[in-house]
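Student: Let me give you the structure first, and then I'll get to my questions.
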Amino acid sequence: MGLLDFFKNEDQAEVKKYSGLYDQLAVEYQQISEKDLVVLSCIAGLMARVAYVDFDLHENEVKKMKELIQSWNQKLEFDHEITTDMAIKYVREMAGIDNHLLVHPLKSHLNPDQRYQVLQMLFLIAASDGNVAGIESEEIRIITKGLELTNQHFLAARAEVSEFFLTR
4 MGLLDFFKNE DQAEVKKYSG LYDQLAVEYQ QISEKDLVVL SCIAGLMARV AYVDFDLHEN
64 EVKKMKELIQ SWNQKLEFDH EITTDMAIKY VREMAGIDNH LLVHPLKSHL NPDQRYQVLQ
124 MLFLIAASDG NVAGIESEEI RIITKGLELT NQHFLAARAE VSEFFLTR
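Using my numbering, read the sequence shown as starting at 4 and increasing by one per residue.
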């Protein structure tokens, strides 16, 4: 089942327009299962979305994306540099799409603990340029709801990231 299969009720032209990252990853990583490609493309897409929501893609955000993508699934054989570069290429597209196009597949493939890890990663990216801007925090709040996580998850992830940066 491809990324487009998750959106049978969506406008197919709209969904296809935003599946470019998945399509690129599928060509680059033919050895990776479709499920893992869907998850990887959605996570990379959400990361790019949060990094660019303030229309400023800071070099530290890119660096943090690369670290987090590399650490997401150690058993997959993929190049985190290429994956991040592909996500950044589509960042302007992703900044304007509805979150549900990226969170819906994650709800199907990830358990709540894994979805919470995604939330933590999004805060780490947002904070990697020195602070979490209000617009980044609000974007993550919207993503939290889409991932069917609670406000407590949102607050806990935000607090963990704050503690992490205070102890550095």
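C-beta: ideal position from N, C-alpha, C; glycine also. Because the structure is a prediction, the values reported are computed rather than measured.
Look at Ala-160 and Phe-126 and say whether their C-beta atoms are less than 8 angstroms apart.
Tutor: Taking 8 angstroms as the Cβ cut-off, Ala-160 and Phe-126 qualify as a contacting pair.
Student: So what does DSSP say about Tyr-25, is it helix, strand or coil?
Tutor: Note: Tyr-25 maps to helix in three-state DSSP.
Student: Comparing alpha-carbon positions, which option in Val-53, Glu-151 and Ala-162 lies nearest Pro-115?
Tutor: That would be Glu-151, whose Cα lies nearest to the Cα of Pro-115.
Student: If we require 4 or more residues per run, which alpha helix (DSSP H) segments fall completely within the stretch 43 to 120?
Tutor: Fully enclosed alpha helix (DSSP H) runs of 4 or longer: 62 to 75, 83 to 92, 94 to 97 and 103 to 112.
Student: For the alpha helix (DSSP H) containing Thr-147, list its first residue and its last residue.
Tutor: From DSSP, the alpha helix (DSSP H) with Thr-147 extends over 137 to 149.
Student: So, helix, strand or coil for Asn-134, using DSSP?
Tutor: Looking at Asn-134 - three-state DSSP - the assignment turns out to be coil, as it is neither helix nor strand.
Student: Count the other CB atoms within 10 Å of the CB of Glu-62; is the residue buried (16 or more) or exposed (fewer)?
Tutor: The residue in question, Glu-62, is exposed, as its Cβ has fewer than 16 Cβ neighbours within 10 Å.
Student: By a C-beta neighbour count over all protein chains shown, 10 Å radius and 16 as the cutoff for buried, is Arg-95 buried or exposed?
Tutor: That one is exposed.
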